[in-house]
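Here's the structure we're looking at; comments come further down.
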Amino acid sequence: MAERFAIRVAADAADLARAVGEELQALAAAADEMTLFVALSGGSTPKGLYQLLARPPLVEAVRWDRFEFFFSDERAVPPDHPESNYGMVHGALLSKVKGVAHRMRAESGAAEDYERLVMERVSERRGGVPVLDLVLLGMGDDGHTASLFPGTSALRERKRLVVMNEVPRLKTRRMTFTYPLINAARRVWVLAPGVAKRDIVARCLVAREQNGCQEQFPVVGARPTDGELIWWLDRASAGDGR
Ligand code: 6PG
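Letter by letter, the sequence shown follows residues 1 to 242 of my numbering.
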């Protein structure tokens with residue numbers, strides 16, 4: 001039972017999106033007839049990846065019919081709301097490729113329905129928890145990931161796989177995967193390019209080394225029980241002056 005942690009440093013955000021896109025293409029190519037269950041995140045960094053995936057050459061090269069998409073979190077708004085993760089991903093990618101995508105109806109508050117959906121669609125289990133092939137995450141400048149924000153109750157959830165999480169800082173609540181579901185995945189990729197992420201990336205790496213507090217830096221708690229963890233950075237966020 002091991003986590004394999006790697007940091008990949010691209011030249012910049014565009015180079016990072018290209019590298020991640022090519023890894024996704026390779027995953028699909030190696031999947032043969034298997035379905036790849038992938039959870040997507042919102043945010044401007046993931047959006048840049050989705051836009052690149054929706055353009056040649058990747059839009060033609062990737063076997064989209066092999067993917068079944070979920071969402072790792074969602075705002076409590078309808079899909080046509082400007083803050084909807086589904087709306088963003090649909091506009092950037094899903095409207096342009098084949099592939100099943102399961103919208104997270106966060107506006108309904110029915111987290112148990114989405115949990116049931118993941119249980120029904122993903123048959124492989126680890127400790128009774130569905131094993132996704134990949135959970136794609138961003139990193140907020142406060143160290144949040146998905147909608148696991150510092151100091152919020154969802155961080156302490158060890159049974160439920162999907163919950164509604166009150167986020168006082170944003171005066172809202174969101175639907176989010178919890179650590180048990182994220183960390184059962186075969187792969188967890190965290191995208192964090194850009195100079196604005198340099199400080200939080202450095203602080204989270206220190207917290208990780210010190211087996212640090214995921215209460216304060218939730219992205220540190222996203223570590224697969226037995227799988228691959230990659231932090232995808234660029235020179236700016238890695239603090240690499242080259
Ligand atoms: C959301 C995302 C969130 C996002 C990070 C990074 O619903 O906002 O799921 O976790 O991935 O905040 O976003 P940026 O790449 O825009 O910094």
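The beta-carbon is built from N, C-alpha and C at its ideal position, and this holds for glycine as well. Since the model is a prediction, treat every value here as computed from it, not as a measurement.
When only Cα atoms are considered, R75 and G87 end up about 11 Å apart. Linking D133 to S72 through their CA atoms gives a straight-line distance of about 13 Å.
Spatial neighbours of P78 in its own chain (CB-CB distance under 6 Å, excluding positions within 5 residues in sequence) are listed in chain order as E107. Distance check between I7 and each of A192, N211, C213, G99 places A192 closest, using alpha-carbon atoms only. Per the DSSP secondary-structure output, M175 pairs in a beta bridge with E74, M164.
DSSP lists F71 as the bridge partner or partners of L40. In the structure shown, the three-state DSSP call for V206 is helix.
Under DSSP, A31 shares a beta bridge with no residue. Pairing V167 with T152 gives a Cβ-Cβ distance under 9 Å. For E157, the Cβ stays outside the 8 Å cut-off from all heavy atoms of the ligand 6PG.
Contact annotation: the region 155-170 does not touch the region 35-54, with fewer than three C-beta pairs closer than 8 Å.
For D113, the enclosing alpha helix (DSSP H) has its first and last residue at 111-121. The beta carbon of D12 sits closer than 8 Å to those of P193, D234, R235, A236, all from its chain and outside the five residues before and after it, given in chain order. In this structure, the straight-line span from the alpha carbon of R156 to that of A184 is close to 16 Å. With 16 or more neighbouring CB atoms inside 10 Å of its own CB, A146 falls in the buried class. Counting the other CB atoms within 10 Å of its CB gives P180 a total of 16 or more, which places it among the buried residues.
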